[in-house]
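**Q** Using our numbering, you'd call the opening residue of the sequence shown number 4 and step up by one each time.
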Amino acid sequence: MTAATMQEPLVLAVPSKGRLQENAFAFFARAGLTFVQGRGTRDYRGVLKELPGVEVAFLSASEIVAQLASGAAHLGVTGEDLVRESVADADARMTLLTPLGFGHANVVVAVPQAWIDVRTMADLEDVAAAYRARRGERMRVATKYVNTTRRFFAQTGVTDYRIVESLGATEGAPAAGQAELIVDITTTGATLKANALKVLDDGVILLSQANLVASRGAKWDERTLGVARAILSRIAAEEDARVNREVRAFAPGDRAQLAQQAQALFSARALLGDSRESLSLVCPADKVAPLADWLIGKGAEHVVVSALDYVFSAANPLYQKLADSVRA
């Protein structure tokens, strides 16, 4: 066995099942990276087909957070809500590199709709104080997000409460008489409404979604950083391409000057072509039509717009964010 083969791989932890796994697979596939499980879907270890030096660990969402916190995994896909709940000093031990656009779930404070005079956390504190004065006990909050709840209630000045840890469907706790209000996750709010609950106006604790997370405590060296750079380069290139379009035109005048003006007006980046009058720009998708109209106004007869697969750039903000955090 050579020294190269004895080197420890970069460990990438991803969800082991369900929609989160499907979405993670699709996200990496868009970046040209394919997960391979050696013995099929029951295998909890795998590789990235296109990149050597990566070991993929298929774990539950909570296990992924634990592996990142301990440094056993270098990178992982998990929800920000779990990171914030499970790790008290999350920002010191992990870096959230980029949101992935799936796994959306907002952590919220919800009270009975019948509490018509309770709309804010300040109102809740008043009700909680009156509840304790009248009954001699604290108001109950049902939640699985114990640490998140304590931090948020402390920040908003709510003190007269006690937490009832929820083991089942949290939104049913008030109707069942197990709690007066809840802190839980919601996506559409439909389940809360079905249980006659409402979210307080300032009761959204966290807008969570799946993130690509880096462990600051993992064993990072030049080799693992190089592998991470390759992964993040593809992810950044796909993200850049997804939100931008290539805009090409033959326009009279100074190409460099036109490119500078397009950048100032439409946040476009120049990709100068070979012809003296050829202009190629990368432009945000929502500014393509105004840019095309502007180019036609500058003398272009036709403007061609194309979708992009990848836009690789010398500057990689995702890798720079990783490198800065693990070298700090």
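Virtual Cβ for every residue (Gly too), placed ideally from N, Cα, C.
Hey, could you find the ends of the beta strand (DSSP E) R248 is sitting in?
**A** Where R248 is concerned, the enclosing beta strand (DSSP E) stretches over N247 to F253.
**Q** Within 10 angstroms of the Cβ of Q70, are there 16 or more other Cβ atoms? Answer buried if so, exposed if not.
**A** Its Cβ being crowded by 16 or more others within 10 Å, Q70 is buried.
**Q** Assign T98 to one of three DSSP states: helix, strand, or coil.
**A** Note: T98 maps to strand in three-state DSSP.
**Q** Let me know if K201 comes out buried or exposed under the rule of 16 or more other beta-carbons within 10 Å of its beta-carbon.
**A** So K201 ends up on the buried side.
**Q** Are the CB atoms of H77 and T227 within a distance shorter than 8 Å?
**A** Yes, Cβ-Cβ distance for T227 and H77 is below 8 Å.
**Q** Where do the ends of the alpha helix (DSSP H) carrying E168 lie?
**A** E168 -> not in any alpha helix (DSSP H); beta strand (DSSP E) instead, spanning Y164 to E168.
**Q** Taking the Cβ atom as the reference point for each residue, do R87 and A72 lie within a distance shorter than 8 Å?
**A** Not a contact, by the Cβ cut-off of 8 Å.
**Q** I think I166 touches E174, with their Cβ atoms under 8 Å apart; what is that distance to the nearest whole Å?
**A** Not confirmed; about 16 Å, so no contact.
**Q** Give the straight-line distance between the Cα atoms of V329 and E66, rounded to the nearest whole angstrom.
**A** Cα to Cα, V329 sits roughly 21 Å from E66.
**Q** Could you tell me which uninterrupted beta strand (DSSP E) segments, each at least 3 residues in length, are contained entirely in the segment 162-237, listed from first to last along the chain?
**A** For the segment 162-237, whole beta strand (DSSP E) runs of length 3 or above, ordered along the chain, are 164-168, 184-189, 200-211 and 213-218.
**Q** From which residue to which residue does the alpha helix (DSSP H) around V314 run?
**A** Unbroken run through V314: none, as it is neither H nor E.
**Q** Which value, in whole angstroms, describes the spacing of the CA atoms of L294 and L261?
**A** Approximately 11 Å, taken between the alpha carbons.
**Q** Could you tell me whether any non-hydrogen atom of the ligand SAH is closer than 7 Å to the CB of V202?
**A** The ligand SAH is not among the ligands present in this structure, which contains no ligands whatsoever.
**Q** Is it the case that the Cβ atoms of L311 and E242 are separated by a distance below 8 Å?
**A** Their beta carbons are not under 8 Å apart, which means L311 does not touch E242 by this criterion.
**Q** Report the partner residues of A332 according to the DSSP bridge assignment.
**A** Any question about residue 332 goes unanswered here, given that the chain covers just 4 to 331.
**Q** Beta-carbon of L127 versus every beta-carbon of chain C: anything under 8 Å?
**A** The structure shown contains no chain C; it is built from a single protein chain.
**Q** When we look at the beta-carbon of D187 and count the other beta-carbons within 10 Å, is it buried (16 or more) or exposed?
**A** It is buried - the Cβ of D187 has at least 16 other Cβ atoms within 10 Å.
**Q** Taking the alpha carbon of Q158 as the reference point, which residue from R135, P55, G206 and E168 has its own alpha carbon closest?
**A** Of the candidates R135, P55, G206 and E168, the one whose C-alpha sits nearest the C-alpha of Q158 is G206.
**Q** Report the option in V50, A252 and A244 whose CA atom is closest to the CA atom of A16.
**A** Of the candidates V50, A252 and A244, the one whose C-alpha sits nearest the C-alpha of A16 is V50.
**Q** Given this structure, state the Cα-to-Cα distance separating E225 from A244, to the nearest angstrom.
**A** Each residue's alpha carbon lies about 28 Å from the other.
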